[in-house]
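> Residue numbers (our numbering): 42 to 114.
Where is the CB? At the ideal position from N, CA and C, for every residue including glycine.
Because the structure is a prediction, the values reported are computed rather than measured.
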């Protein structure tokens, strides 16, 4: 097990929830204030940034919850 698996999992959930929340808020026409700087540059760039947040969150959750000692090669 990774030493800081709980921390990695919590950070992954925060990234995942933030990414999904920004996508949902954008669908209803509201922008999340923390990411206002990315919205000013380009719409496509902000969409890519949101998907990167979501994918990174999933990866961190997976890494944090996997017991690497029991995995077979």
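1. Would you mind working out which of 102, 68, 84 and 63 sits nearest residue 74, comparing C-alpha positions?
2. Would you call residue 86 buried or exposed, if buried means 16 or more other Cβ atoms sit within 10 Å of its Cβ?
3. Grouping DSSP H, G and I as helix and E and B as strand, with all else coil, what is residue 135?
4. Taking the alpha-carbon positions, what's the residue 106 to residue 67 distance?
Looking at the coordinates:
1. Residue numbering aside, residue 74 sits at position 33 when the chain shown is read from its first letter. Ranking 102, 68, 84 and 63 by Cα distance to residue 74 puts 63 first.
2. In the chain shown, counting from the first residue as 1, residue 86 sits at position 45. Flag for residue 86 reads exposed.
3. Residue 135 lies beyond the stretch modelled for the chain, which goes from 42 to 114, so this question has no answer here.
4. To locate residue 106, count along the chain shown from 1; it is residue 65. To locate residue 67, count along the chain shown from 1; it is residue 26. C-alpha separation (whole angstroms): 30 angstroms.
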